[in-house]
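One structure is given below, encoded as structure tokens.
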Amino acid sequence: MSDPALDGLKGSILYDEVVPARAPWDHPVMQGQTLRIVDLEGNQAVDFLMYALGDDAQRYSAQDTIAAQANLFLKTGAVLLSNEGAPMATITGTSVAYHDTIGGACSCESNTLRYGHHTKSQHACVENFLQSNARHGRGKRDMVSNINWFMNVPVEADGALGIVDGISAPGLYVDLRAEMDIVAVVSNCPQINNPCNGFNPTPVRMIISA
């Protein structure tokens, strides 16, 4: 039986794992390999960081990426740049119209500010990132502004940002071709206080091919 999640992927499947709802994930992706992230049940936000393998000082830069493409949103063809201006990955395909670069990662502190003190104990993306980064000897100072795959953060005419229902659906994906050896770091967002996950975090699937 064919697997729709693998449609269009070229080469051999090197890695295939389902990341549970709310969980962290990290894995090397070597130059030329493709990482596909599949939104299994739809409307799930996937927070994402990248670091150059063997060079932790070089990591994804939202500022350089946004400036180079002159667009806040990430679409097919977008090149994700490092803080040194080097291409780290290219979006070679996505079945979602666009992805967010500015919504940031939820934290216990931001939950408290936005939703009330009773939410401070809730697990958040910052904690997931810290857990994954710790395995590579990185700490809080190594965290930078992240990408939010599948998340819908519209910019209103007056410049205000909103976090609204996602634009994904079950089985939609984004493909990233690594332009250098990287470590991809993911927080499969645990947020339950705004619509980014439909108030119900769900699993995602990570597939690496070459």
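Going by our numbering, the sequence shown opens with residue 1, and the numbers climb by one from there.
Glycine residues also receive a C-beta, built at the ideal position from the N, C-alpha and C atoms.
Since this is a predicted model, take the numbers as computed values, not measurements.
The C-alpha of D165 is placed about 7 Å away from the C-alpha of N152. Per DSSP, reduced to three states, the secondary structure at V126 is helical. In the three-state reduction of the DSSP assignment, T76 falls in the coil class, being assigned neither a helical nor a strand state. Judged by DSSP in its simplified three-state form, H118 adopts helix.
Checking the DSSP bridge columns, you'll see I147 partnered with F48.
Cβ neighbours of V204 within its own chain (closer than 7 Å, five residues either side excluded): V19, I37, V38, D39, L40, Q44, V46 and N188. The C-beta distance from V174 to L49 rounds to 15 Å, too long to meet the 8 Å contact threshold. In this structure N71 is exposed. Its beta-carbon is surrounded by fewer than 16 other beta-carbon atoms within 10 angstroms. Shown here, L6 sits in a helix according to DSSP, grouped into three states.
Per the C-alpha coordinates, the member of A21, S12, L53 and N133 positioned closest to N200 is A21.
When C-alpha distances from R135 are compared across D26, D7, S2 and A67, the shortest belongs to D26. Under a 10 Å Cβ-count criterion, A57 is classified as exposed, with fewer than 16 other Cβ atoms of the shown protein chains found around its own Cβ. Distance from I182 to A89 at the Cβ level is roughly 7 Å; contact confirmed, criterion being Cβ atoms closer than 8 Å.
Taking 8 Å as the cut-off, the beta carbon of A160 is found no closer than this to the beta carbon of F129. With at least 16 other beta carbons inside 10 angstroms of its own, G103 counts as buried. DSSP places T202 outside any alpha helix (DSSP H), giving it a letter other than H or E. Sequence-distant Cβ neighbours of R138 in its own chain, meaning closer than 8 Å and more than five residues away, are Y51 and D56. The straight-line gap separating the alpha-carbon atoms of P190 and T101 is approximately 18 Å.
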